[in-house]
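In what follows, a single structure is set out as structure tokens and then discussed.
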Amino acid sequence: MMTKSNPGTLARIMALTAMLASPLAPALDQELALAQDAQQQAPAENAPPIVQDDSPDYASELPSSYVTSSHQIMAYNRAIKDAESREGAYGASLSESVLGLARILQSQGRHDEAIKLYKRGQHLTRINEGLYCPQQIPMLQGEIASHKALQSYALADERQNYLYRVQTKAIGSGDALVDAFMDQAKWQYEAYQLGLGRGGYDRLIDMWELYRMAFNDVIEREGKASPKLLRPLHGMLEAQYLISSVDIRPSTPVFTEDGQIDEELLRFKTYHAQSYKQGNAVIEAIASIEQAQTQHRDSSPAQTLVMLGDWRLWNGRTDDAWAAYREAATELARESDAQEKARRLFGEPVPLPAIEDINPLPPTVTTDEQAVTLAFRVNEQGKVRDIERLDDDEEADRQAYRLIRQLRNTRFRPRLEAGQPVETDNIVKSFQIQ
């Protein structure tokens with residue numbers, strides 16, 4: 055049972071995270087040499103300008119819908135050439151116009167051209183401002199966005215790692231650094247989903263550690279009851295859901311075929327073994343902070359109790375989960391809008407994790423969009439049974455097969471009646487084809 059006020063919770067979570075205090079070590083070194091080369095490269099006396107007279111006219115051959123943008127492009131071209139004539143090929147004022155032009159091209163979907171300009175802008179800022187100058191951050195972010203748009207995810211990963219290195223060197227403790235930790239953590243999740251580079255184990259560990267670092271930065275500056283702790287705490291909970299979802303057993307051998315210790319797997323097993331305890335501590339910390347922020351109002355902890363019940367059910371602690379759900383229902387009964395809140399939380403089965411960023415199923419659709427339509431039931435234990443496909447779109451057969459497998463492996467928060475979990479029949483959902 056979760057207590058309404060637990061002043062020792064944050065101290066407990068700090069102690070728990072200290073057990074897993076391995077320093078974050080993303081693979082960034084390969085980018086350092088590139089950046090150092092850029093800084094050390096002295097501008098040649100007769101170096102060609104960034105935009106030469108015979109360079110492409112970015113405003114030419116544009117469709118009529120780009121008329122406004124074409125004028126902006128020509129204006130940026132003129133500004134770049136004027137700056138070069140005044141200051142030379144590496145003038146300090148060039149980077150601003152290069153960045154503006156890159157953003158215009160990016161907005162038109164001309165990502166290859168935009169990437170070249172973003173890289174030129176980074177080169178200029180490193181020469182004029184230094185290797186880890188903050189001025190290159192928006193240019194790196196723009197380059198990464200274009201790599202993603204082109205589905206060049208490996209390149210996006212390399213640049214994201216270098217961006218993180220720049221941010222941690224250039225930004226001191228504060229909200230901007232917390233945002234950098236959070237953004238890098240989100241990228242680790244994206245990279246994990248895409249199966250990029252290093253093994254998935256490291257991605258999930260880095261995700262947890264980055265959110266933990268954001269949490270610690272807020273603690274040091276604002277104390278243990280700051281509402282700004284909630285963002286990293288929710289990220290930490292997401293990481294624990296993902297870590298715990300990996301099917302790995304204590305008996306899983308940690309030796310490779312040639313007899314060497316698989317250090318990555320060994321490290322991950324430590325995190326995996328602590329996952330349930332860590333998740334509980336994170337949820338209690340969220341509850342304590344929310345309670346402290348709303349104690350002047352008649353606030354119910356029902357939502358956090360549901361969060362706790364979901365975490366317990368996800369980890370197979372069904373009896374403890376039902377207890378948390380019943381306690382949440384009791385708390386809801388005291389609310390003026392109890393019926394509406396109970397309907398929203400317990401009126402229908404909810405797939406777990408009930409967290410938007412890591413929802414296990416694709417979005418449902420109610421329009422005539424292309425979709426896979428499935429009928430199924432969810433029993434009182436939250437398990438899916440009797441899946442039947444209702445649509446006949448043969449072109450979506452592969453996606454439908456994958457979705458059925460996904461649905462079968464998804465645990466649901468079951469519907470509750472009078473505080474008791476009950477089975478729900480005849481569920482029909484149309485899922486967006488992805």
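Per our numbering: the sequence shown ends with 488, consecutive numbering throughout. We put the CB at the ideal spot given by N, CA and C, even for glycine. Quick caveat: nothing in here was measured; it's all calculated off a predicted structure.
Sequence-distant residues of the same chain with beta carbon closer than 6 Å to residue i, five excluded per side
{"i": "L286", "result": "According to the sequence displayed, residue 286 carries Pro and not Leu. Excluding residues within five positions, the ones whose Cβ falls inside 6 Å are Y265, A268 and F269."}
{"i": "Y330", "result": "N369"}
{"i": "V419", "result": "A425, S484 and Q486"}
{"i": "A245", "result": "D211 and R257"}
{"i": "V360", "result": "A382 and L399"}
{"i": "H201", "result": "L209 and A210"}
Beta-carbon spacing of residue i, residue j below 8 Å
{"i": "Y130", "j": "S151", "result": "yes"}
{"i": "A224", "j": "G196", "result": "no"}
{"i": "Q460", "j": "L415", "result": "yes"}
{"i": "A341", "j": "T358", "result": "yes"}
{"i": "I297", "j": "W241", "result": "no"}
{"i": "Q214", "j": "A234", "result": "no"}
{"i": "A377", "j": "L386", "result": "no"}
{"i": "N182", "j": "A146", "result": "yes"}
{"i": "A199", "j": "Q160", "result": "yes"}
{"i": "A279", "j": "A346", "result": "yes"}
{"i": "S227", "j": "D166", "result": "no"}
{"i": "E311", "j": "Y255", "result": "no"}
{"i": "L284", "j": "I343", "result": "yes"}
{"i": "G289", "j": "A230", "result": "no"}
{"i": "Y295", "j": "P407", "result": "yes"}
{"i": "V473", "j": "R388", "result": "The amino acid at residue 473 is misidentified as Val; the sequence shows Gly. In this structure, R388 does not lie closer than 8 Å to G473 by Cβ."}
{"i": "K395", "j": "A450", "result": "no"}
CB-CB length for residue i against residue j, believed under 8 Å
{"i": "R469", "j": "T478", "result": "5 Å"}
{"i": "R467", "j": "V404", "result": "4 Å"}
{"i": "E498", "j": "I409", "result": "Because the chain here runs from 55 to 488, residue 498 falls outside it and cannot be looked at."}
{"i": "K282", "j": "E276", "result": "6 Å"}
{"i": "V308", "j": "I302", "result": "Contact doesn't hold; Cβ gap of about 10 Å is too wide."}
Beta-carbon proximity list for residue i, same chain, < 7 Å, skipping 5 on both sides
{"i": "L153", "result": "G175, P192 and M193"}
{"i": "P375", "result": "The sequence given here has Ala at residue 375, not Pro. The residues are G363, R366 and L367."}
Neighbourhood of residue i by C-beta distance below 8 Å, restricted to the same chain and skipping five residues each side
{"i": "I458", "result": "L428, I441 and R443"}
{"i": "A137", "result": "G145, S147, L148 and S151"}
{"i": "E141", "result": "S147 and L148"}
{"i": "R431", "result": "V438, R439, D440, E477, T478, D479, N480 and I481"}
{"i": "Q435", "result": "T372, P468 and P475"}
{"i": "P304", "result": "K323 and A327"}
Any C-beta of chain D under 8 Å from that of residue i
{"i": "Q126", "result": "In summary, chain D is missing from the structure at hand, where a single protein chain is found."}
**Prompt:** Which whole runs of the alpha helix (DSSP H) in the region 204-263 are 4 residues long or more, in chain order?
**Reply:** 207-224 and 229-248
**Prompt:** On the three-pair Cβ rule with 8 Å, is the region 308-326 touching the region 359-368?
**Reply:** no
**Asked** Curious, which full-length alpha helix (DSSP H) runs of at least 4 residues does the region 312-377 contain?
**Response** 317-348 and 356-368
**4-residue-minimum alpha helix (DSSP H) runs that sit fully inside the region 133-182, ordered along the chain** = 148-161
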